[in-house]
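Engineer: Chains as they are written, first to last, in the working numbering: chain D, 1 to 263; chain X, 1001 to 1263. Even glycine gets a Cβ: it sits at the ideal position worked out from N, Cα and C. Predicted, not measured: the structure shown is a model, and the values here were computed from it.
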């Protein structure tokens, strides 16, 4: 057993290069020469991307630039036509990353309407982890709605349930596919804060696909601009958290927005 | 305040009684027409005569005997035909191979009215219980089959994708997502079948039977006992309504998550 571990250790890269900070629960993602075709339509082409464990990456771009497809590939909902996506745990480097470590929050909540809020968050979870979901519901502020049906909740509340459901599996990677797109501005701000707070606490790697540049600047460590299946540009967001909309924020937002518009 | 409560109470009683107003009026007219001799009792006996015939049949135990036999046939036929319909509907809805193999055949058979099979059924099974059960079973098979099939096919593929990405096994996927998703449709088929079961039974019991409501009415016809014929007809109406109420209660319980069933 120890021999095996040592072998893994020597093969894996050193922790520092993988992880944003040493305490990260997250997994690193390396994407190499990724291609995705739908029939003759080329969606992603020769894409390389390294994401550190615990990093918060936002992917922006116009509609049809391939950002959702990239997310779905990382989520293993679809297979690449060519190329590879590697996942690597930072702290638990001995363990491989499986599908169970990756969770997706979709554009719409995709809650099961025939299950109560609490039961929804327990979907696919082992019984001994059920306690955990109640805590998560409390964290997203819906403890008193645990026994409600999803149809009785507002759009924002439903997305919060979806967030609790995703996090109940203690994922190493959380993929967010424009989850706040359909929410009103105020609810959206609250959700952004909630996502940031939980990301801080739980240390997963987060990848957010969004068309909202301001949201990307608000949340991400790094913003990737995708254009016709290529990475056009990458922006580091060196702003202190929690972020306030000061001059630096606005300047970066403007810069990213112009780059998006130029594609 | 109290007057308002009282008026609201009377209003509620009024709206509850309103649907019965017309039937009651009809019975009153009927009674008046019969007693005045306008309506011959051979054509249509007075309501009081029908009630007294009902009462005599009830205390002699004859009525209960016939109802028991008919209800037993309805239930068993429903169980066999509905069970098979559900099973095949679920199978064909879930498996493309099964549906390609079987659906065309079933759709073809569906267009044969169950009652057109009567001569063949009599040749096959003679005139005993099996023939009646067969007719009922064939008749109720299709509504349940078609609705189960359609229900499974129309389960939101996004929910299924979510379930898969949340690591549900095939069985869990079926139990947690596909089956509950198809339930509203399955229940529509069930309710439709419940209505159909009585129609089929009436015909099946009038061809050849030694017991059952159909037999009772046919027998009464031989002796020109129009009052008993009417009791039989009204019994079918009553049992049909009872079955429908049961289906409604079932629906309200199983679909309590549905927005349409919440108060």
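With 9 Å set as the bound, which would you pick, yes or no: does the beta-carbon of residue 1256 (chain X) sit closer than that to a beta-carbon of chain D?
Structural biologist: Closer than 9 Å to some Cβ of chain D, the Cβ of residue 1256 (chain X) qualifies, so yes.
Engineer: With distance defined between alpha-carbon atoms, name the residue in D:129, D:204, D:216 nearest to residue 179 (chain D).
Structural biologist: D:216
Engineer: What is the DSSP secondary structure of residue 64 (chain D), counted as helix, strand or coil?
Structural biologist: coil
Engineer: Check whether the Cβ of residue 1241 (chain X) lies closer than 9 Å to any Cβ atom in chain D.
Structural biologist: Answer no: the Cβ-Cβ gap between residue 1241 (chain X) and chain D never drops below 9 Å.
Engineer: Just confirm the distance between the C-beta atoms of residue 1272 (chain X) and residue 1142 (chain X), as a whole number of angstroms; I'd bet it's less than 8 Å.
Structural biologist: For residue 1272 (chain X) there is no data in the structure shown, the boundaries of chain X being 1001 and 1263.
Engineer: Is there contact here, the stretch 1222-1234 of chain X with the stretch 1037-1055 of chain X, by at least three beta-carbon pairs under 8 Å?
Structural biologist: Segments in contact, yes.
Engineer: How far does the beta strand (DSSP E) with residue 222 (chain D) in it reach, from first residue to last?
Structural biologist: 222-227
Engineer: Please go through the same chain and pick out, in chain order, the residues whose beta-carbon is closer than 8 Å to the beta-carbon of residue 242 (chain D), but skip the five residues on each side of it.
Structural biologist: 193, 196
Engineer: Tell me the DSSP secondary structure of residue 298 (chain D) in three-state form.
Structural biologist: Here chain D covers residues 1 to 263 and nothing more, so residue 298 (chain D) does not appear.
Engineer: Using the Cβ count rule (16 or more neighbours within 10 Å means buried), how would you classify residue 58 (chain D)?
Structural biologist: Answer is buried; the Cβ neighbour count reaches 16.
Engineer: When DSSP builds the beta bridges, which residues end up paired with residue 233 (chain D)?
Structural biologist: Note: residue 233 (chain D) sits in a beta bridge opposite D:225.
Engineer: What are the boundary residues of the beta strand (DSSP E) that includes residue 35 (chain D)?
Structural biologist: 27-38
Engineer: To the nearest angstrom, report how far apart residue 1010 (chain X) and residue 1021 (chain X) are at their CA atoms.
Structural biologist: The alpha-carbon atoms of residue 1010 (chain X) and residue 1021 (chain X) are separated by roughly 16 Å.
Engineer: Nearest to residue 1183 (chain X) by alpha carbon, out of X:1250, X:1108, X:1201, X:1205?
Structural biologist: X:1250
Engineer: Which residues does DSSP pair with residue 86 (chain D) in a beta bridge?
Structural biologist: D:30
Engineer: Alpha carbon to alpha carbon, what distance is there between residue 75 (chain D) and residue 207 (chain D)?
Structural biologist: A straight-line Cα-Cα distance of about 10 Å links residue 207 (chain D) and residue 75 (chain D).
Engineer: How many Å lie between residue 3 (chain D) and residue 1168 (chain X) at the Cα?
Structural biologist: Model confidence at residue 3 (chain D) stands at a pLDDT of 39, short of 50, so the residue's coordinates are unreliable and nothing is read from them.
Engineer: Quickly, what does DSSP pair residue 105 (chain D) with across the bridge? List them, please.
Structural biologist: D:176
Engineer: According to the neighbour-count rule (16 or more other Cβ atoms, all chains shown, within 10 Å of its Cβ), is residue 204 (chain D) buried or exposed?
Structural biologist: buried
Engineer: Please list, in chain order, the chain X residues whose beta carbon lies closer than 7 Å to that of residue 110 (chain D).
Structural biologist: 1158, 1159, 1162
Engineer: Check residue 147 (chain D) in the structure and name its three-state DSSP category.
Structural biologist: coil
Engineer: Nearest by alpha-carbon distance to residue 1069 (chain X): which of X:1123, X:1012, X:1132, X:1260 is it?
Structural biologist: X:1132
Engineer: From residue 170 (chain D) to residue 128 (chain D), what does the alpha carbon distance come to, in whole angstroms?
Structural biologist: 14 Å
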